[in-house]
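**Q** Position 155 of the sequence shown, counting from 1, maps to 155 under this note's numbering, and the rest follow consecutively.
From the three backbone atoms N, C-alpha and C, an ideal C-beta is built for every residue, glycine too.
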Amino acid sequence: MYEECCTLCNNIIENIQFKWCKTCQINDLRENFTNHISGNEEVDNFIQKKQLGISNYNDIIIEWIPYHQFEKIKEIGKDDLSTVYLATWKDGPLNYEVDKREYKRISNKTVVLKFLDNSQYEFLNKCFKINVVGNKKIDDLIQKMQLKIHNPGTLVFEWIPYDKFINLKEIDKGGFSVIYSAIWEDGPLYYDFSKMEYIRDTCKKVALKCLNNSQNITDNFFNEIEKYSTDNFSLCILKTYGISQVPDTNDYIMVLEYAENGLKEIHRKGLVHRDFHTGNILLMTSNFGNDISFISDMGLCGEVGNMDETKTNIYGVMPYVAPEVLRGKPSTHSADIYSFAMIMYFVAARKQPFVDHAHDNVLALDICNGIRPEINEQEAPKCYIDLMNKCWDSKPQNRPNAIEIDKLILSFRDNFIAGKGEQFKELEISIENNQSSTHSQAIYTSRLLNPFTKNLPHYDENKISDCLDCAITN
1 MYEECCTLCN NIIENIQFKW CKTCQINDLR ENFTNHISGN EEVDNFIQKK
51 QLGISNYNDI IIEWIPYHQF EKIKEIGKDD LSTVYLATWK DGPLNYEVDK
101 REYKRISNKT VVLKFLDNSQ YEFLNKCFKI NVVGNKKIDD LIQKMQLKIH
151 NPGTLVFEWI PYDKFINLKE IDKGGFSVIY SAIWEDGPLY YDFSKMEYIR
201 DTCKKVALKC LNNSQNITDN FFNEIEKYST DNFSLCILKT YGISQVPDTN
251 DYIMVLEYAE NGLKEIHRKG LVHRDFHTGN ILLMTSNFGN DISFISDMGL
301 CGEVGNMDET KTNIYGVMPY VAPEVLRGKP STHSADIYSF AMIMYFVAAR
351 KQPFVDHAHD NVLALDICNG IRPEINEQEA PKCYIDLMNK CWDSKPQNRP
401 NAIEIDKLIL SFRDNFIAGK GEQFKELEIS IENNQSSTHS QAIYTSRLLN
451 PFTKNLPHYD ENKISDCLDC AITN
């Protein structure tokens with residue numbers, strides 16, 4: 001294959017036909033970038049990233065363009081979110097001239113300008129000034145999340161005074177938090193398109209997650225909230241309205257959507273749940289009368305004031321924790337899939353996995369040695385059991401991903417609707433509630449598991465099948 005080197009930098013030219021050298025172009029953009037900056041660090045970083053990512057001579061060079069470069073500006077359209085103008089860009093965009101082997105500008109280029117309506121930001125700035133907390137970290141977080149809003153449907157994250165909640169009722173208690181239902185008198189903000197303004201959904205029923213011993217909250221906690229709470233369009237992930245605080249204890253509260261498919265959505269975002277079990281699956285009845293499932297506790301398990309330790313500490317409900325995690329490997333998507341298999345077992349068998357076992361060092365060893373809850377085809381169809389077995393495979397690399405699982409479950413549903421789900425129909429007739437007594441040391445709330453795993457050998461992918469019977473010491 002013929003190659004040609006650039007006469008300027010002596011590197012191989014990417015496009016021989018047009019004599020275009022990517023190395024020279026990127027160096028030129030890097031050297032001249034400071035001449036065209038906005039002054040906003042995020043915007044400048046975005047522009048530079050786009051410029052340095054070019055791969056061909058005819059790629060568009062993204063730039064910061066000073067407003068004075070535009071003339072003959074004329075409005076041509078408008079909607080609720082933006083106004084569109086026609087304009088002439090005096091300098092014009094960069095264009096690669098093949099014969100001269102350099103970029104030149106196409107001056108007096110006609111372009112379209114889309115002005116984004118800032119009314120929502122002005123409103124949120126006013127709202128934020130009213131609801132400052134006095135804690136700089138929390139104030140910065142709330143303002144940062146509010147200013148991320150990119151359309152009227154996006155969630156408005158707020159500081160919510162505790163006295164705005166009435167009718168508090170304890171509904172659940174975990175290892176690190178207590179959950180209450182409550183009525184939020186003011187209710188969350190939402191954008192009314194008919195009035196073109198924000199109004200409140202008053203007397204909203206919400207869930208309050210009171211985080212134990214969270215007075216000295218860490219940066220990691222704020223990072224978790226920022227990751228999981230900004231998208232109002234993730235249908236299967238529980239939404240977070242804001243933060244509050246209990247006056248008597250100063251414990252912080254997460255204000256959540258009240259609820260009685262989400263793993264694929266979490267993994268699509270490149271995230272890991274880390275504490276996936278039946279206690280974090282909630283159901284809510286929609287306006288259409290059907291039940292919708294949500295995933296909660298979005299990676300917030302652990303002692304909130306001490307979340308830096310999660311790198312070495314193991315938290316969770318033991319039967320739902322993947323064997324490699326019990327042996328010290330950080331949580332991954334595959335570990336979430338293992339937890340999903342245990343939820344599949346719970347749904348089919350109508351009982352918790354390892355309900356008749358003590359959740360101690362012996363069970364931890366059994367799980368690492370490949371012991372799984374027993375199930376038969378009287379409790380679930382073969383196709384269901386086959387998927388469950390794949391999901392709790394001892395080797396993480398053998399487990400399917402969330403997208404594959406989603407497709408398989410949809411195929412189960414489609415076969416059932418089409419009348420081809422004989423296995424499912426037989427189960428509807430034969431299945432009975434499977435009642436089992438719960439062992440006194442079977443714990444189904446998240447807790448620190450290190451006391452039961454400290455003597456397990458550290459996870460080694462090359463020795464996944466080794467028997468660990470000799471690993472536990474009394």
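1) Over what stretch of residues does the alpha helix (DSSP H) that includes A341 continue unbroken?
2) Taking Cβ to Cβ, would you say A364 is nearer than 8 Å to F452?
3) According to the Cβ coordinates, are Y384 and V246 closer than 8 Å?
4) Once DSSP output is grouped into helix, strand and coil, what is the label at R327?
5) Rounded to the nearest angstrom, how far is the Cβ of A322 from that of Y345, given a contact under 8 Å?
6) Figure out for me which residue from T202, F176, Y191 and R350 has the closest Cα to the Cα of L182.
7) Measuring alpha carbon to alpha carbon, tell me which of I106, W159, H359 and Y180 ends up nearest I166.
8) What's the call for G77, buried or exposed, on a 16-neighbour Cβ count within 10 Å?
9) Kindly indicate which three-state DSSP category Q475 falls into: helix, strand or coil?
10) Closest to Q146 by CA distance: which of M318, K173, Y190 and S107 is it?
11) Going by alpha carbons, who is nearest to R350 out of D366, C368 and E374?
12) Am I right that Y258 and A207 are in contact with their C-beta atoms under 8 Å? What's the rounded C-beta distance?
13) Give the secondary structure of Y180 by DSSP, where H, G and I count as helix, E and B as strand, and everything else as coil.
14) Need the endpoints of the beta strand (DSSP E) that V246 sits in, please.
15) Taking all protein chains shown into account, decide if D393 is buried (16 or more other Cβ within 10 angstroms of its Cβ) or exposed.
16) Would you call I199 buried or exposed, if buried means 16 or more other Cβ atoms sit within 10 Å of its Cβ?
17) Would L141 pass as a contact of F222 if the rule is Cβ separation under 8 Å?
18) Need the endpoints of the beta strand (DSSP E) that L168 sits in, please.
19) What three-state label does DSSP hand D414 in the structure shown?
20) For S107, does the count of other Cβ atoms within 10 angstroms reach 16, so buried, or fall short, so exposed?
21) In the DSSP output, what is M254 paired with across the bridge?
22) Have a look at T312 and I73 and give me their C-alpha separation to the nearest angstrom.
23) Do S177 and N216 come within 8 Å of each other at the CB atom, strictly closer than that value?
24) At which residues does the alpha helix (DSSP H) containing E41 begin and terminate?
25) Below 8 Å on the Cβ atoms is my contact criterion, and I expect Q51 with I60 to pass it. Report the Cβ-Cβ distance as a whole number of Å.
26) Starting from I76, trace the beta strand (DSSP E) both ways and give me its first and last residue.
27) Based on Cα-Cα distance, which residue from K390, A442 and I367 lies nearest to H357?
28) So, with DSSP's three-state summary, where would you put E478?
29) Assign E197 to one of three DSSP states: helix, strand, or coil.
30) Is E374 helix, strand or coil by DSSP?
**A** In terms of the structure at hand:
1) If you number the sequence shown from 1, residue 341 lands on position 341. That run of the alpha helix (DSSP H) goes H333 to A349.
2) For this step, residue 364 is matched to residue 364 along the sequence shown. For this step, residue 452 is matched to residue 452 along the sequence shown. It is a contact, given that the beta carbons lie within the stated cut-off.
3) Here residue 384 corresponds to residue number 384 of the sequence shown, with the count starting at 1. Here residue 246 corresponds to residue number 246 of the sequence shown, with the count starting at 1. Cβ atoms of Y384 and V246: not closer than 8 Å.
4) Your numbering for residue 327 matches position 327 in the sequence shown. Three-state DSSP puts R327 in coil, outside helix and strand.
5) In the sequence shown, residue 322 corresponds to position 322, counting from 1. In the sequence shown, residue 345 corresponds to position 345, counting from 1. Going by Cβ atoms, the distance from A322 to Y345 rounds to 14 Å, so no, they are not a contact pair.
6) In the sequence shown, the residue the question calls residue 182 occupies position 182. Note that residue 182 is Ala in the sequence shown, not Leu. It is T202 whose Cα lies nearest to the Cα of A182.
7) For the purposes of this step, residue 166 is taken as residue 166 along the sequence shown, with counting starting at 1. Among I106, W159, H359 and Y180, the Cα nearest to that of I166 belongs to Y180.
8) By one-based count along the sequence shown, residue 77 stands at place 77. So G77 ends up on the exposed side.
9) Coverage of the chain is limited to positions 1 through 474, which leaves residue 475 absent and any answer about it impossible.
10) Residue 146 sits at position 146 when you count from the first residue of the sequence shown. The shortest C-alpha separation from Q146 is found at Y190.
11) Your numbering for residue 350 matches position 350 in the sequence shown. Checking every option, the nearest Cα to that of R350 belongs to E374.
12) In the sequence shown, residue 258 corresponds to position 258, counting from 1. In the sequence shown, residue 207 corresponds to position 207, counting from 1. Y258 to A207, Cβ: 5 Å. Contact.
13) Along the sequence shown, read from residue 1 onward, the residue named residue 180 stands at position 180. Residue state, collapsed to three classes: strand.
14) Here residue 246 corresponds to residue number 246 of the sequence shown, with the count starting at 1. That residue, V246, is in no beta strand (DSSP E); it is neither H nor E in DSSP.
15) Start at 1 with the first residue of the sequence shown, and residue 393 comes out as number 393. So D393 counts as buried.
16) The count along the sequence shown starts at 1 and reaches residue 199 at position 199. I199 is exposed by the Cβ-count criterion.
17) Along the sequence shown, one-based indexing puts residue 141 at 141. Along the sequence shown, one-based indexing puts residue 222 at 222. Against a cut-off of 8 Å, the Cβ pair of F222 and L141 comes out as a contact.
18) What you label residue 168 is simply residue 168 of the sequence shown in a count that begins at 1. Run containing L168: F165 to K173, per the beta strand (DSSP E) assignment.
19) One-based indexing of the sequence shown puts residue 414 at position 414. Residue state, collapsed to three classes: helix.
20) The residue labelled residue 107 in the question sits at position 107 within the sequence shown. Result: exposed.
21) Stepping through the sequence shown from its first residue, residue 254 is reached at position 254. According to DSSP, M254 bridges with K209 and I243.
22) Taking the first residue of the sequence shown as position 1, residue 312 is located at position 312. Taking the first residue of the sequence shown as position 1, residue 73 is located at position 73. As the crow flies, the alpha-carbon of T312 is around 59 Å from that of I73.
23) For the purposes of this step, residue 216 is taken as the residue at position 216 of the sequence shown. For the purposes of this step, residue 177 is taken as the residue at position 177 of the sequence shown. No.
24) Translated into positions along the sequence shown, residue 41 becomes position 41. E41 to Q51 is the extent of the alpha helix (DSSP H) around E41.
25) Translated into the one-based positions of the sequence shown, residue 51 becomes position 51. Translated into the one-based positions of the sequence shown, residue 60 becomes position 60. In fact, because the Cβ distance is near 10 Å, the residues do not count as touching under 8 Å.
26) Sequence index remark: in the sequence shown, residue 76 carries index 76 (1-based). F70 to K78 is the span of the beta strand (DSSP E), which, as asked, contains I76.
27) Start at 1 with the first residue of the sequence shown, and residue 357 comes out as number 357. Among K390, A442 and I367, the Cα nearest to that of H357 belongs to A442.
28) There is no way to answer for residue 478, as the model of the chain reaches only from 1 to 474.
29) If you number the sequence shown from 1, residue 197 lands on position 197. In the displayed model, E197 falls within a strand according to three-state DSSP.
30) Counted from its first residue, the sequence shown places residue 374 at position 374. E374 falls in the coil class under three-state DSSP.
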